[in-house]
Amino acid sequence: MKHSTLALALCATLLPTAARAGAPAVERPKLDNGIQLVLSTQSSVPIVAISCLVDGGARLDPPGKEGLAELTGSLLSDGTRGRTSEEISKIVDSMGASFSTGASQDWVEVGATVLARDFETGVDLVARSLREPTFPPDEFARAKTETLGSLQASEDEPQVVAARAFRKALFGQAPYGTPVDGSLDSVKGLTRDDVLAYHASLAPGKTLCAIVGDVETARMKEVAARLLGAWSPQAKPLAQRAPATSPTARTLIVDRPVAQASIVIGQIGVPRTDPDWFSIVVMNHVLGGGGFTSRLMKRIRTQGGLAYGVSSSFGATRLPGPFQVVLQTKVPSAAEASRIVREELQKLHDEGATEEELAAAKDYLTGNFPMKLDSTAKIAGLLAQMQYFGLGDDYIERYAERVRAVTLDDVKRAARAHLHPDALVQVVVGPRADLEKQGIGSAADAGAPAASPEAPAPAASPARTAAPSSRPAAPAEAPALEPAAAPAAGHDEPTSPGA
Amino acid sequence: MPSFRTPVAKSLAALALLLALPAAARAAKPYSEQVVERTLDNGLEILLLEDHKAPVTVVQVWYRVGSRNETPGVTGLSHMLEHMMFKGTKAHGPEEYSKIISRNGGNENAFTSDDMTTYFATLASDRAAVEIELEADRMRGIQLTKENFEPERQVVMEERRMRIDDNPIAFLLETLNAATFLEHPYRQPTIGWAKDIEGWTLEDLQRHYDLYYRPNNAVVVVVGDFDAKAMGDLVAGKFGGIPRGEDPPKVRATEPAPRGAKRIEVEKPAKLPFVAIQWHAPNLHHPDSPALEMLAGVLSNGKSSRLYRDLVHRDRLALEADASYDRTSIDDKTFSMGGQPQPGVPIEKLEGALLAQVEAIRKAPPTREELDRVRAQMESAFTFAQDSMFYRGMLLGTYEMAGGWRQIDEYLPSLAKVTPEDVQRVARQWLTPANRTTGVLVPLPIDPSAPVERVPSGPIH
């Protein structure tokens, strides 16, 4: 492969800039009721991002009640003591703020982004939602109907259908086997009492609140202590669901009359806290996390013209999350594209990466780090993520060093340990007859290459997780913790996969 | 927004996003005091905006070419060219551009819309020169070869299947645009009609490239942590030697006056119907523009807006309902509304409810309180947008394409002058039946077969 002299010449100057990006000053006090605060003053723009995460999320949905955490979470903004949903909306819109509540697989989130002058009102909105939501019966009925409608509407999106079927195939009835919004069957059965029970499980001791923006930390502390500190419920925890075992290799077809097959191939991956995480990030960058420089993109898009996009990702989740390769290709190419994905997984598993690929991945990941800290919203998201996963207070300072420490052997070991080409689950959404004609779903297709003896798949790894990403092409380090209430215009910034 | 080289989706959501980019803040300095503007002898415009919040720089190159500049039979050429811009130049091999940017820690991408094609990269500031050099190189240097062209044509067909053909709502909106505009090329899909994609030749592409990829048809926008004088010199140094080209041909199409309400239906396998309504409406150069912007806000901005409050929340007719106004299009475009009904709600009922909302404003002006709330939202949105260097660049580029970045500073003051009666007046003036085109997605049944599971006989773990 031809090196660019331009690129090489400039790589030498990388360190100083990355260092200059620096880590934001952070304070991490704990409130008396157990809420962990993460506070940072950022004065570049007169705004404040407030984001509270309560651990649990859809992971704690009781069996048969999938979608409960999300329904409960969404209703937190639809009525608090003395305020109707409509009154809350007026308060939010009159400030021009954004305010949102909901759930991911791992947490319930209440967040607001406000102008700095509205800081206290923002914290107050968040605190009231956690402390004293009223769950009015008519709001409950409306939210439930709306969820059922959205679930039906999502049937018109082949990629969503594929993601849903893949999650189910991977995790089954165990936690994370269903998207956060649940399924038609489960949501139909939800009652207001279920919502009250879920809310009763939320506890300050399981909560972290990140506050980042143009306010002094002393004031952040004072306001948070006064408003969030007043939350002291008698929490009634929900039962943990039994984890699933790792599924066997198989292929599912979801029959749909579409022109393009939506394909997801993968397996259960790792938790965000896995000690191999940095090796996995580098490995995944080489495979399909590195945008146009990745192996999958080169073969399937650039050389084959088979797909508009293809990417691979490991979910950043508390418990082992999904590893998945996602692509869409015209129906007649489905088997070919699937075969290439399997070949590439096998190759990486058997041979690891090359010296040049390793160097390129490390250059990208270290050089890109300043872009993860270039706005108040991004800093808030990263700080919350560090706290939630316990990545260490020195995570930002040590990021580049940890990426640079990854060796070829590390990548090879990560590929052996975390890719299992003989145990892949595949979902294909498309016209069944056409897909079956290509052999998709037959033993020959899904059986995968012969098992590699040196890399036995874990017999029964705890199967739970959730990539909260609605984008099937989530990068390896999916921004698992985006601020709940990013401003309308600051949220959808296009990024390359692997950003 | 696009995650790969891609046309900006013509969805209501995407329109709303653009509209969420307002301007001029109460607290912040006006853009006219922050932006350094230069024009080179070859016609290249340069807009430089220092923003020192992080050691990062965003570079965007805007070409004044999109599906607006295309003709029937070869629609989609601008978007295809966007793809081919990553396929190598005389100096750099195919895909090398992306490799170099990645090696330097940057994120790169591009998008195409009706009005423009934009290339961009975000890098650590000490790497910005890499992107500027590569952009200058590919302004005139790309190599269009058969070998690279054919696979990329297939890629674009896949993109079309994904974005349009297998997306019932996008499919409806594509047809609706074609029905709304009789003559103006806004009737054409940015990605191109499927048959046109099959028929493009290398010569078509080369001609398009030679016509439009000239310094006198481009704007370089740079936002970030740099010194404007030094950055301007750098851009001038890299681009200055590229010769000026002929001025590209003007788009001469003028949309004829509407002749009466139009209605189309699109049949497609889908779970739920959808309705979208478009009225021809003037862009930001018309004095009614601020009132149209406020009208869209009253209808659709936030959960206190009329469409959410009444149709989604109170009456439970719609899963979503939206209004948006194409303020920053180069030529006059549309004011639109759309919505998806709750399951079981007849589409005619939602359509009627959307039109009733228009009728209500035609009959009685909105309240002062509503307008104040919308203005507060617009002002805050401007401040929030400052958090993103990329969006600051988008704001500059979008306005520059539409007729001048200095108009950014006029945005909030112009909204401040809008009265409730103005909003009522523009609703009466523009949202008339004769000016309206309605599109309805009529769902055909989907084969409701459940997933079929195949357990292979291979090794089991």
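If you're matching them up, the sequences are chains A and B in order.
Residue numbers 1096 to 1594, in our numbering, belong to the letters of the first sequence in order.
Residue numbers 101 to 561, in our numbering, belong to the letters of the second sequence in order.
The C-beta atom is built at its ideal place from N, Cα and C for all residues, glycine as well.
Self-check item: Residue-chain proximity (Tyr1459/A, chain B), Cβ-Cβ < 9 Å
Solution: Yes - at least one Cβ of chain B is within 9 Å of the one on Tyr1459/A.
Exercise. Measure the alpha-carbon distance for Leu1101/A versus Ala191/B and round it to whole angstroms.
Key: Unreliable positioning characterises Leu1101/A in this predicted model, as indicated by a pLDDT of 40, which lies under 50. A coordinate reading is not provided.
Quiz item: Bridge partners of Trp162/B, per DSSP?
Solution: Thr218/B and Val319/B, per the DSSP bridge assignment.
Quiz item: For the candidate residues Gln1423/A, Val1377/A, Gln1200/A and Gln1398/A, whose alpha-carbon lies nearest to that of Arg1499/A?
Solution: When C-alpha distances from Arg1499/A are compared across Gln1423/A, Val1377/A, Gln1200/A and Gln1398/A, the shortest belongs to Val1377/A.
Practice problem: Note down, one range per segment and in chain order, each beta strand (DSSP E) of at least 3 residues found wholly within the stretch 409 to 477 of chain B. | Solution: Along the stretch 409 to 477 of chain B, the beta strand (DSSP E) occurs as fully enclosed runs of 3 or more residues at 418 to 425 and 433 to 441, listed in sequence order.
Quiz item: Is Gly1162/A closer than 9 Å to Thr1302/A when the C-beta atoms are compared?
Solution: With contacts defined by Cβ atoms closer than 9 Å, Thr1302/A and Gly1162/A do not form a contacting pair.
Quiz prompt | Three-state class that DSSP yields for Leu512/B in the structure shown | solution = In the structure shown, Leu512/B adopts helical secondary structure according to DSSP, grouped into three states.
Practice problem: Rounded to whole angstroms, what's the CA-CA distance from Ala1568/A to Asp304/B? Just pull it up for me. | Solution: Low per-residue confidence applies at Ala1568/A: pLDDT is 30, beneath 50, and the placement is therefore not dependable, though the value from the model is reported in the following sentence. CA-CA distance, Ala1568/A to Asp304/B, rounds to 33 Å.
Self-check item: Leu279/B versus Tyr197/B, Arg363/B, Gly299/B and Asp215/B, residue with shortest Cα-Cα distance
Solution: Looking at the sequence shown, residue 279/B is not Leu but Ala. Measuring from the Cα of Ala279/B, the nearest candidate turns out to be Arg363/B.
Quiz item: Taking 9 Å as the CB-CB cut-off, is Val1140/A touching chain B?
Solution: Chain B, which has a Cβ nearer than 9 Å to the Cβ of Val1140/A, makes this yes.
Quiz item: By how many angstroms is the C-alpha of Thr1424/A removed from the C-alpha of Pro556/B?
Solution: Low confidence applies here, because Pro556/B scores a pLDDT of 40, under 50, leaving its location unreliable; read the following figure in that light. About 23 Å.
Quiz item: Pro545/B to Gly439/B, Cα distance in whole Å?
Solution: In this structure, the alpha-carbon of Pro545/B lies about 20 Å from that of Gly439/B.
Quiz item: Helix, strand or coil for Ala481/B per DSSP?
Solution: Here Ala481/B sits in helix by DSSP.
Quiz item: Does DSSP put Arg581/B in a helix, in a strand, or in coil?
Solution: Chain B is shown only over 101 to 561; residue 581/B falls outside these bounds and no answer can be derived.
Self-check item: For Val1405/A, the first and last residue of its enclosing beta strand (DSSP E)
Solution: Note, Val1405/A: beta strand (DSSP E), Val1405 to Phe1409.
Quiz item: For Ala1509/A, which residues from the same chain have a beta carbon less than 6 Å from its beta carbon, with the 5 sequence-adjacent residues on both sides left out?
Solution: These residues qualify, in order along the chain: Asp1371, Ser1374, Ile1375 and Met1378.
Exercise. Return the residues of the stretch 312 to 346 of chain B that lie within a Cβ-Cβ distance of less than 7 Å from chain A, sorted by chain order.
Key: Sequence-ordered contacts of the stretch 312 to 346 of chain B with chain A are nonexistent [C-beta pairs closer than 7 Å].
Practice problem: Just grab the DSSP bridge partners of Ile1306/A for me. | Solution: The bridge partners DSSP lists for Ile1306/A are Leu1134/A and Ile1145/A.
Practice problem: Compare the beta carbon distance of Gly1361/A and Leu1265/A with 9 Å and say whether it is the shorter of the two. | Solution: Going by C-beta atoms, Gly1361/A is nearer than 9 Å to Leu1265/A.
Practice problem: Determine, using beta carbons only, whether Thr1346/A and Gly1536/A come nearer to each other than 9 Å. | Solution: Pairing Thr1346/A with Gly1536/A gives a Cβ-Cβ distance under 9 Å.
Quiz item: Whole beta strand (DSSP E) runs in the stretch 1460 to 1543 of chain A with 3 or more residues, listed along the chain?
Solution: Correct list: 1520 to 1525.
Practice problem: Please check if any C-beta of chain D sits within less than 9 Å of the C-beta of Arg468/B. | Solution: Note that chain D does not occur in the displayed structure, where the protein chains are A and B.
Quiz prompt | Test item: CB-CB of Tyr56/B and Glu233/B under 9 Å | solution = The structure shown does not extend to residue 56/B, since chain B is modelled only from 101 to 561, so the question has no answer here.
Exercise. Could you please give me the residues that DSSP links to Pro1417/A through a beta bridge?
Key: According to DSSP, which records beta bridges pairwise, Pro1417/A is partnered with Ile1363/A.
Practice problem: Pull up the DSSP beta-bridge partners for Asp1350/A, would you. | Solution: Residue pairing for Asp1350/A: DSSP places it in a beta bridge opposite Gly1525/A.
Quiz item: Do the stretch 1428 to 1435 of chain A and the stretch 1393 to 1410 of chain A touch if we need at least three Cβ pairs shorter than 8 Å?
Solution: Judged by pairs of C-beta atoms under 8 Å, the stretch 1428 to 1435 of chain A touches the stretch 1393 to 1410 of chain A, as three or more such pairs exist.
Quiz item: How many whole angstroms separate the CB atoms of Glu1165/A and Ala1198/A, which I take to be in contact at a CB cut-off of 8 Å?
Solution: About 4 Å separates the beta carbons of Glu1165/A and Ala1198/A, which is inside the 8 Å limit, making them a contact pair.
Self-check item: N-terminal and C-terminal residue of the alpha helix (DSSP H) that Thr1312/A is part of
Solution: Where Thr1312/A is concerned, the enclosing alpha helix (DSSP H) stretches over Thr1312 to Leu1322.
Quiz prompt | Segment limits, alpha helix (DSSP H) that includes Leu1220/A | solution = Per DSSP, Leu1220/A is one residue of the alpha helix (DSSP H) stretching across Phe1214 to Arg1226.
Quiz prompt | Bounding residues of the beta strand (DSSP E) (the contiguous stretch that carries Ala1295/A) | solution = It is not in any beta strand (DSSP E) - Ala1295/A instead sits in the alpha helix (DSSP H) that spans Arg1287 to Ala1295.
Self-check item: Separation of Tyr312/B from Leu541/B, as counted between CA atoms
Solution: For Leu541/B and Tyr312/B, the distance between alpha carbons rounds to 36 Å.
Quiz item: Under 9 Å between the Cβ atoms of Val158/B and Val320/B?
Solution: No, the pair does not count as a contact, with Cβ atoms beyond the cut-off.
Practice problem: Run the CB neighbour count on Ala1319/A, radius 10 Å, all protein chains shown included, and call it buried at 16 or more, exposed below. | Solution: Classification for Ala1319/A: buried.
Exercise. Please name the residue, chosen from Val1209/A, Gly1277/A and Gln1268/A, that lies closest to Thr1242/A on a Cα-to-Cα basis.
Key: For Thr1242/A, the closest alpha carbon among the candidates Val1209/A, Gly1277/A and Gln1268/A is that of Gly1277/A.
Quiz item: Listing by chain order, which chain B residues have their CB less than 8 Å from the CB of Leu1468/A?
Solution: Ala154, listed in chain order.
Practice problem: Select from the stretch 470 to 484 of chain B all residues with a C-beta closer than 9 Å to any C-beta belonging to chain A, and list them in chain order. | Solution: Cβ proximity to chain A below 9 Å picks out Asp472, Arg473, Val474, Arg475, Ala476, Gln477, Met478, Glu479, Ser480, Ala481, Phe482, Thr483 and Phe484 from the stretch 470 to 484 of chain B.
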